[in-house]
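**Student:** Numbering (my numbering), first residue to last: 210 to 468.
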């Protein structure tokens, strides 16, 4: 059906039964190569929570993630952050926690708020109320990272996830008790929130924002993440690693690096 792969050890697709099988096999091989290449370089991008805490290998105190995140919080916010600027969860105008599950507003679906929606179609994507107030505000203000960028980013993302998990765990059961079972478990809500945070870090978030202030906050967050990943890219000095992500210096958003 198909010619053999080219020289240099290319795969032989000559026994493919039809065009579909040929394309499927080529696609699988390409996927495997990309995956293997990524594995080769991803170790250079991995953050270390102990290093985020400025601990040397000789003074590593623990390998438990939650303890390391709490240590990071104490060292970087502690009781000095009275303004709450470095805290992941936002407050309302009265300085109180925002109700993550509103009985007045279910979701945002307008095309002006969800990227890709057209003509305010109800069939398009919607942002559930849970999504409108993710606990990720701390990522807007991450700074002073220098060569510690990947380690500090990991710690800040873990800190956001910790507060997001606590917020969902506190509010969702109360919402279910008051308004009945929605068909989704707390674990489902947690999984979706963590996936949302992942999309934001990768620069793939579709939720534009529900008002002018929220859109400005989201832009500030993305601008800060781009700056952080730019620093991570600059610090890639190992042979072959920077070359693997070479397209990033043409892409100001560093999408490949952020994946």
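Ideal Cβ placement from N, Cα and C applies to all residues, glycine included. Computed from a predicted model, the values in this text were never measured in an experiment.
Report the CB separation of residue 271 from residue 277 in whole angstroms; it is logged as a contact under 8 Å.
**Tutor:** Confirmed, about 6 Å.
**Student:** Taking the C-alpha atoms as reference points, what is the distance between residue 412 and residue 386?
**Tutor:** Going from the Cα of residue 412 to the Cα of residue 386 covers about 35 Å.
**Student:** Do residue 433 and residue 348 have their C-beta atoms within less than 9 Å of each other?
**Tutor:** Yes; because the gap between Cβ atoms is below 9 Å, this pair is in contact.
**Student:** Can you give the Cα-Cα distance for residue 345 and residue 264, rounded to whole angstroms?
**Tutor:** Spanning the two alpha carbons is a distance of roughly 25 Å.
**Student:** Could you say which of 468, 279, 242 lies nearest to residue 435 if we only look at CA atoms?
**Tutor:** Checked all of 468, 279, 242; the closest Cα to residue 435 is 468.
**Student:** Figure out for me which residue from 239, 229, 257 has the closest Cα to the Cα of residue 364.
**Tutor:** Ranking 239, 229, 257 by Cα distance to residue 364 puts 257 first.
**Student:** In the DSSP assignment, find the unbroken alpha helix (DSSP H) run with residue 257 in it and report its ends.
**Tutor:** Segment: none, residue 257 is in no alpha helix (DSSP H) and carries neither H nor E.
**Student:** Quick one: any contact between the segment 420 to 430 and the segment 444 to 451, if contact means 3 or more CB pairs under 8 Å?
**Tutor:** Cβ pair count under 8 Å is below three, so no.
**Student:** Just how far apart, CA to CA, sit residue 450 and residue 343?
**Tutor:** Spanning the two alpha carbons is a distance of roughly 33 Å.
**Student:** Of the residues 282, 352, 309, which one's Cα is nearest the Cα of residue 296?
**Tutor:** Nearest of 282, 352, 309 to residue 296, Cα basis: 282.
**Student:** For residue 410 and residue 351, which I take to be in contact (beta-carbon distance under 8 Å), what is that distance rounded to the nearest angstrom?
**Tutor:** Wrong, their Cβ atoms sit about 12 Å apart, outside the cutoff.
**Student:** Given residue 368, which residues of its chain have a CB within under 8 Å of its CB, disregarding the five upstream and five downstream residues?
**Tutor:** Result list for residue 368: 278, 281, 282, 297, 347, in chain order.
**Student:** What residues in its chain sit with their C-beta under 7 Å from that of residue 370, if we drop five residues either side in the sequence?
**Tutor:** Cβ within range, chain order: 403, 406.
**Student:** Alpha carbon to alpha carbon, how far is residue 375 from residue 400?
**Tutor:** Near 13 Å, if we compare the C-alpha coordinates of residue 400 and residue 375.
**Student:** Buried or exposed: which applies to residue 305, given that a residue is buried once 16 or more other Cβ atoms fall within 10 Å of its Cβ?
**Tutor:** Counting Cβ neighbours within 10 Å, residue 305 comes out exposed, since fewer than 16 surround it.
**Student:** Which first and last residues belong to the alpha helix (DSSP H) in which residue 425 is found?
**Tutor:** Residue 425 -> alpha helix (DSSP H) spans 421 to 443.
**Student:** If you drop the 5 nearest sequence neighbours on each side, which residues of the same chain put their C-beta closer than 6 Å to that of residue 229?
**Tutor:** Excluding sequence neighbours, residue 229 sits near nothing in its chain.
**Student:** Nearest to residue 251 by CA position, among 359, 232, 338, is which residue?
**Tutor:** When only C-alpha atoms are compared, the closest one is 359.
**Student:** According to DSSP, simplified to helix, strand and coil, what is residue 382?
**Tutor:** The answer is helix: DSSP assigns residue 382 an H, G or I state.
**Student:** What's the C-alpha gap between residue 243 and residue 227?
**Tutor:** Using only the alpha carbons, I get a separation of about 25 Å.
**Student:** Can you tell me which of the three DSSP states residue 251 falls into?
**Tutor:** Helix, per DSSP.
**Student:** Which partner residues does residue 300 have in the DSSP bridge list?
**Tutor:** The partner list for residue 300 (beta bridge, DSSP) reads 306.
**Student:** Apply the 10 Å Cβ neighbour rule to residue 448 and answer buried if 16 or more other Cβ atoms are within range, or exposed otherwise.
**Tutor:** The residue in question, residue 448, is exposed, as its Cβ has fewer than 16 Cβ neighbours within 10 Å.
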